[in-house]
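When we follow the numbering used here, the leftmost residue of the sequence shown carries the number 2, and every step to the right adds one.
Every residue gets a Cβ at the ideal spot worked out from N, C-alpha and C, and that includes glycine.
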Amino acid sequence: MNKRQSRKYIYFILGLILGYSITTFLGSDKVETRFVQAPNEHVSLERSIDLDTFLDVWEIINKDYVYTEEVEDTQDRVDGAIRGMLESLDDPYTLFMDAEETKDFEQSLDGELEGIGAEVAIKNGYVTVVAPLKNTPAWEAGLQPGDIISEVDGESTAKMTLTEAVMKIRGPRDTKVMIRIVRRGEADFLDIEITRRKVHFDSLEWEMKEDGIAYVEISQFDDNTYRHLTAAANEILLSNPKGMIIDLRNNSGGYLDVAVDILSEFTSDKRKAVIIRSKYEEDHKVIYTSGKARLDDLPVVVLINEGSASASEIVAGAVKDWERGTLIGKKTFGKGSVQEIRPLDDGAALRITIAKWNTPNDNNIDKEGIEPDIEIELTGEDYNNDLDPQLDCAMEFFQTGKCEVEEQKMTSWEFDPKS
Numbered sequence: 002m003n004k005r006q007s008r009k010y011i012y013f014i015l016g017l018i019l020g021y022s023i024t025t026f027l028g029s030d031k032v033e034t035r036f037v038q039a040p041n042e043h044v045s046l047e048r049s050i051d052l053d054t055f056l057d058v059w060e061i062i063n064k065d066y067v068y069t070e071e072v073e074d075t076q077d078r079v080d081g082a083i084r085g086m087l088e089s090l091d092d093p094y095t096l097f098m099d100a101e102e103t104k105d106f107e108q109s110l111d112g113e114l115e116g117i118g119a120e121v122a123i124k125n126g127y128v129t130v131v132a133p134l135k136n137t138p139a140w141e142a143g144l145q146p147g148d149i150i151s152e153v154d155g156e157s158t159a160k161m162t163l164t165e166a167v168m169k170i171r172g173p174r175d176t177k178v179m180i181r182i183v184r185r186g187e188a189d190f191l192d193i194e195i196t197r198r199k200v201h202f203d204s205l206e207w208e209m210k211e212d213g214i215a216y217v218e219i220s221q222f223d224d225n226t227y228r229h230l231t232a233a234a235n236e237i238l239l240s241n242p243k244g245m246i247i248d249l250r251n252n253s254g255g256y257l258d259v260a261v262d263i264l265s266e267f268t269s270d271k272r273k274a275v276i277i278r279s280k281y282e283e284d285h286k287v288i289y290t291s292g293k294a295r296l297d298d299l300p301v302v303v304l305i306n307e308g309s310a311s312a313s314e315i316v317a318g319a320v321k322d323w324e325r326g327t328l329i330g331k332k333t334f335g336k337g338s339v340q341e342i343r344p345l346d347d348g349a350a351l352r353i354t355i356a357k358w359n360t361p362n363d364n365n366i367d368k369e370g371i372e373p374d375i376e377i378e379l380t381g382e383d384y385n386n387d388l389d390p391q392l393d394c395a396m397e398f399f400q401t402g403k404c405e406v407e408e409q410k411m412t413s414w415e416f417d418p419k420s
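1. In its own chain, which residues sit with a C-beta less than 7 Å from the C-beta of residue 367, not counting the 5 before and 5 after it?
2. Shortest alpha-carbon distance to residue 421 belongs to which of 309, 266, 292, 96?
3. According to DSSP, is residue 381 part of a helix, a strand, or is it coil?
4. Can you tell me whether DSSP reads residue 415 as helix, strand or coil?
5. I believe residue 219 touches residue 395 by the beta-carbon criterion, under 8 Å. Please report the beta-carbon distance rounded to the nearest angstrom.
6. Hey, quick one: how far does the beta strand (DSSP E) through residue 183 stretch, first residue to last?
7. Assuming residue 366 is part of the alpha helix (DSSP H), what are its boundary residues?
8. State whether the region 161–181 contacts the region 194–208, with contact taken as three or more CB pairs (one from each stretch) at a distance under 8 Å.
9. If you check the beta carbons only, do residue 352 and residue 191 fall under 7 Å apart?
10. Kindly give me the distance between the Cβ atoms of residue 117 and residue 163, rounded to whole angstroms, as I take these residues to be in contact under 8 Å.
11. Residue 402: buried (16+ other C-beta within 10 angstroms of its C-beta) or exposed?
12. Below 8 Å on the Cβ atoms is my guess for residue 214 versus residue 243; work out the distance and round it to an integer in Å.
13. Give the straight-line distance between the Cα atoms of residue 64 and residue 56, rounded to the nearest whole angstrom.
14. Are the CB atoms of residue 268 and residue 294 within a distance shorter than 7 Å?
15. Counting C-beta neighbours from all protein chains within 10 Å, is the total for residue 278 16 or more, i.e. buried, or is it exposed?
16. With DSSP collapsed to three states, give me the class of residue 67.
17. May I have the straight-line CA-CA distance separating residue 400 from residue 203, to the nearest angstrom?
18. Would you mind sorting residue 205 into buried or exposed? The rule is 16 or more other CB atoms within 10 Å of its CB.
19. Could you check the C-alpha separation between residue 340 and residue 229 for me, to the nearest Å?
20. In chain order, what residues of the same chain lie with their CB nearer than 6 Å to the CB of residue 387, ignoring the 5 residues before and after it?
21. Can you tell me which of 296, 315, 105 puts its alpha carbon nearest to the alpha carbon of residue 305?
22. For residue 158, is the classification buried or exposed, using 16 other Cβ atoms within 10 angstroms of its Cβ as the cut-off for buried?
23. Quick one: is residue 377 buried, meaning 16 or more other Cβ sit within 10 Å of its Cβ, or exposed?
24. With residue 352 as the anchor, note down where its beta strand (DSSP E) starts and where it stops.
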């Protein structure tokens, strides 16, 4: 295994990057993953389970199914049975990956991605865009967090698993895929054709805004993110900043230890950063910040939206619980569970949910998300006209302690597949 596969820290997986990746760029699922060779010591195999019915069906198929030339006694049927068993758990983050899918996943961990550059997950039963990655085909085509993918190349996603949907959307560079989406506020379906290509982007960018406000945009928490923040912090502090905006919008996750490293820069105390609650109480653990901070006196605003997930929510949740800064934007995605990748025979692998994570105040945000302190909409019209009222609000907040659109009213919306 390479360095990234063997690292001991939990990696938060939120969805599947349409590359093909499971949140190396968090999520799904761009929220936690590690490769584990041995089964959990607590596991007690239920050898007494009655598998007679399964074996009876297997034998009937072998004996009497008319299309025997199309359904040979192959590993495909075993894989299908495994997938069915996992689907019965009703957990979109617990998945079986065959040898080919596992190979693609491992390549994505090495940064070899070809696709459209968006992360998706199953949310409320629908294949949903968590976040388009910045400067990728999905970003350039205008995909937005919360877009529901209803069709891929004319085929409905209604009965697709997450893996099946991803496999339909991903593909080699320079090929095209047609995606039909349902978007909040739009009366009709939107058909978007996207040309796939190799996906690459920087995880952290920053600049000094007017009035001494540092703006730091973190698009994912990868191996390089903390190093980039350290370099940026050195220059920012030389500018005698008045405050910092941390933009976590459309950041679907990354490595947990990197998220904790980032948090450690903003508090000089050793504080709870995240609480991991496993199936067995003796495996519960609390992860603390390092106590070594350079930005602990700097006022902070964190921008969040529906595409902020997993490791992003760890940062936002800690900032909120510590009362260390102000959250502005929209409620986050809501991914509060932990997955492991466990290698199986023949190159296959199982991704399984093995724990939940809670914020420092022991709040579980899974399926709930984190509410901003100031809720501001960024509409499709804003997006198309290069307007950013959420960032404008953050800038105003540093000047006045509030923003004029703070009382903006939000409307609820829910996808109705029959409409």
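Result, derived from the coordinates:
1. Taking the first residue of the sequence shown as 1, we reach residue 367 at position 366. Cβ neighbours of residue 367 beyond the five flanking positions: 335, 336, 337, 338, 357.
2. There is simply no residue 421 to check, as the chain begins at 2 and stops at 420 in what is shown.
3. The residue labelled residue 381 in the question sits at position 380 within the sequence shown. Three-state result, residue 381: helix.
4. Along the sequence shown, read from residue 1 onward, the residue named residue 415 stands at position 414. Unreliable placement is indicated for residue 415, whose pLDDT of 44 sits below 50; the coordinate value is still reported in the next sentence. Reduced to three states, the DSSP call for residue 415 is coil.
5. As a working note, residue 219 is residue 218 in the sequence shown. As a working note, residue 395 is residue 394 in the sequence shown. Between residue 395 and residue 219 the Cβ distance is about 15 Å, and since that is not below 8 Å, they are no contact.
6. Looking up residue 183 in the sequence shown gives position 182. Residue 183 -> beta strand (DSSP E) spans 177–183.
7. Indexing the sequence shown from 1 puts residue 366 at position 365. Neither: residue 366 is in no alpha helix (DSSP H) and is coded neither H nor E.
8. yes
9. By 1-based counting over the sequence shown, the position of residue 352 is 351. By 1-based counting over the sequence shown, the position of residue 191 is 190. For residue 352 and residue 191, no; Cβs fall outside 7 Å.
10. Taking the sequence shown and counting its residues from 1, one reaches residue 117 at position 116. Taking the sequence shown and counting its residues from 1, one reaches residue 163 at position 162. Not a contact, Cβ separation roughly 15 Å.
11. Counting from 1 along the sequence shown, the entry for residue 402 is found at position 401. Exposed is the call here.
12. In the sequence shown, counting from the first residue as 1, residue 214 sits at position 213. In the sequence shown, counting from the first residue as 1, residue 243 sits at position 242. Yes, residue 214 and residue 243 are in contact; Cβ-Cβ is about 6 Å, under 8 Å.
13. The count along the sequence shown starts at 1 and reaches residue 64 at position 63. The count along the sequence shown starts at 1 and reaches residue 56 at position 55. One C-alpha to the other measures close to 12 Å.
14. As a working note, residue 294 is residue 293 in the sequence shown. As a working note, residue 268 is residue 267 in the sequence shown. Yes, Cβ-Cβ distance for residue 294 and residue 268 is below 7 Å.
15. Mapped onto the sequence shown, residue 278 falls at position 277. Residue 278 is buried by the Cβ-count criterion.
16. The count along the sequence shown starts at 1 and reaches residue 67 at position 66. Coil, per DSSP.
17. Counting from one through the sequence shown, the residue named residue 400 turns up at place 399. Counting from one through the sequence shown, the residue named residue 203 turns up at place 202. Residue 400 and residue 203: Cα-Cα distance of roughly 30 Å.
18. Taking the sequence shown and counting its residues from 1, one reaches residue 205 at position 204. Its Cβ being crowded by 16 or more others within 10 Å, residue 205 is buried.
19. What you label residue 340 is simply residue 339 of the sequence shown in a count that begins at 1. What you label residue 229 is simply residue 228 of the sequence shown in a count that begins at 1. Their Cα atoms are separated by approximately 27 Å.
20. Working through the sequence shown from its first residue, we reach residue 387 at position 386. Correct list: empty, nothing qualifies.
21. For the purposes of this step, residue 305 is taken as residue 304 along the sequence shown, with counting starting at 1. That would be 315, whose Cα lies nearest to the Cα of residue 305.
22. Locating residue 158 in the sequence shown gives position 157, where the first residue counts as 1. Buried, because 16 or more other Cβ atoms sit within 10 Å of the Cβ of residue 158.
23. One-based indexing of the sequence shown puts residue 377 at position 376. Around the Cβ of residue 377, a 10 Å sphere holds 16 or more other Cβ atoms; the residue is buried.
24. By one-based count along the sequence shown, residue 352 stands at place 351. It spans 350–359 - the beta strand (DSSP E) in which residue 352 sits, taken as one unbroken run.
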